[in-house]
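In the working numbering, the protein residues as written are 1 to 316.
Built from N, CA and C at the ideal position, the CB exists for glycine as well.
Take a look at the structure set out below.
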Ligand code: UDP
C-alpha cells in the first residue's frame, strides 16, 4: 500500500518542494491550502487539493494518513502584521486539528515552526536550548507567539497521547517559488526583483540587522531525513545556516551579482525587527547527518535565474 501524506499549506514555497520529494518517493499526497497567499497553483495535477483554511478542514478528521506535515502559515512579516487573527488561527485551531488527525491516524506529525520563536535573540548563532526573547503582545506576536503555542500544543499531544511529533525551526529559507511581490516578498526575492527591474533596493533602517539564509534544497533534504530518522522522534531542530550576513551587504551583493544599476535606499525600520539571527544547527548535523551544501552565492544565482526566466515569460 502506498503511504499517504497530508500537507497543510502545500501550495506554498516550502510545501510545494516537499511535495515534489514525496511524489518522487511514491507517496500519495493530499494538500489542504486556502491559496490566500498564493498567486497560482504550484502543486502537480495528481495531488488532491482541499481548498480551505486549515483550521476549517474538519472533514479531514475522517481520513487517515501516515505523515502529516503542518506548514500552513503566513510567514511574511508585512503580511502577518496585516492579518493577525488569520495568522493565529492556522497556528492554534489549525495546529490542533492537524494534531487530532495525527493522533487518530497514528501518523508522524512534522511541524514547521520558525526561527521567529527566538524573537530578538541574545545568543547568536542560536541553539535550540535558547528559550527566546519575545514580546508576548508586540506587533510580531501574532506570528511568533502563536508558533510557540503550536510547539506547546504538539508537545502536549506527544505527552498525552504519545503522538510521534517532530518540530523543526527553519531559518530564512529561499529559492525558486518563493514570492517576490508586495507584502509577501521576503528580503531575497524582493531585492532580486528590485534589482532586475531597476527599482531601488529598499533596505529597512540602517541595514545592519543580520540573517542567515538557507537554500530550499538543503531544507528539503533536512526535512526528509527528519521525517524518517527513527532517533529524531520527539526532537526539536534548527534547520538553517550559521553564516550571518547584514541586510545592507546582502543588497550590495545582489546588485553586484545581477549587474544592476539600482541604488539602495533606506526606508523606515520595521517595528521589532530582530537585530541578529543565525542558526546553530549542530543538533541537526549530528542527528540527521546533514549540513547545508549550497552556498549563499549559488542559491542567489539559482533564484536569480528563476526570477529572470519568470520575467522573460511575462509571469511577473
Ligand atoms: N528587509 C529589508 N527590506 C525589505 C524586506 C526586508 O531591509 O524590503 C529586511 C527586514 O527588515 C529584515 C530582513 O530583511 O531585517 C529579513 O526580512 P524578511 O521579511 O525576509 O524576513 P524575517 O527574517 O524578518 O522574518
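Apart from sequence neighbours up to five positions away, the residues of its chain that approach residue 3 with a beta-carbon distance below 6 angstroms are 27 and 66, ordered along the chain. Residue 312 and residue 213 have their C-alpha atoms spaced approximately 26 angstroms apart.
Here residue 7 is buried, its C-beta having at least 16 other C-beta atoms within 10 Å.
Cα atoms of residue 167 and residue 289: separation of roughly 17 angstroms, rounded to the nearest angstrom. A distance criterion of 8 angstroms places the beta-carbon of residue 274 in contact range of the ligand UDP, judged by its closest non-hydrogen atom.
Here residue 220 carries a helix assignment [DSSP, helix/strand/coil]. Residue 98 sits buried, since 16 or more C-beta atoms from the chains shown fall within 10 Å of its C-beta. In the DSSP secondary-structure assignment, residue 4 is bridged to 28.
Our two residues, residue 57 and residue 163, have alpha carbons roughly 20 angstroms apart in a direct line. The three-state secondary structure of residue 263, taken from DSSP, is coil.
Per DSSP, residue 95 is one residue of the alpha helix (DSSP H) stretching across 93-105. Relative to the non-hydrogen atoms of the ligand UDP, the Cβ of residue 205 comes within a distance shorter than 8 angstroms of at least one. Between the alpha carbons of residue 247 and residue 297 lies a gap of roughly 15 angstroms. Rounded to whole angstroms, the gap between the alpha carbons of residue 219 and residue 184 is 20 angstroms.
Taking a 10 Å sphere around the C-beta of residue 1, we find fewer than 16 other C-beta atoms and assign the residue as exposed. The shortest CA-to-CA distance from residue 45 to any of 63, 37 and 10 is the one to 10. Secondary structure at residue 80: helix, using DSSP grouped into helix, strand and coil. Closest by C-alpha distance to residue 29, out of 179, 249 and 43, is 43. Using a 10 angstroms sphere on the CB of residue 25, the tally of other CB atoms stays under 16, which defines it as exposed. The C-beta distance from residue 205 to residue 273 rounds to 7 angstroms, short enough to meet the 8 angstroms contact threshold. Distances from the CB of residue 113 to the heavy atoms of the ligand UDP are all 8 angstroms or more. Distances between the C-beta of residue 139 and the heavy atoms of the ligand UDP are all 8 angstroms or more. Residues 21 of the same chain have their beta carbon placed closer than 7 angstroms to that of residue 224, with the five preceding and five following residues left out of the count.
Taking a cut-off of 8 angstroms for Cβ pairs, the region 105-114 and the region 187-207 do not touch, as fewer than three such pairs fall below it. Between the ligand UDP and the CB of residue 230, the shortest heavy atom gap is not smaller than 8 angstroms. In the three-state DSSP reduction, residue 269 falls in the coil class, being neither helix nor strand. By the CB criterion at 9 angstroms, residue 307 and residue 180 fall inside the cutoff. Taking the Cα positions, residue 141 is about 19 angstroms away from residue 55. With respect to the 9 angstroms criterion, residue 266 and residue 203 are classified as neighbours on the basis of their beta carbons. Straight-line measurement puts the Cα of residue 231 at about 21 angstroms from the Cα of residue 70.
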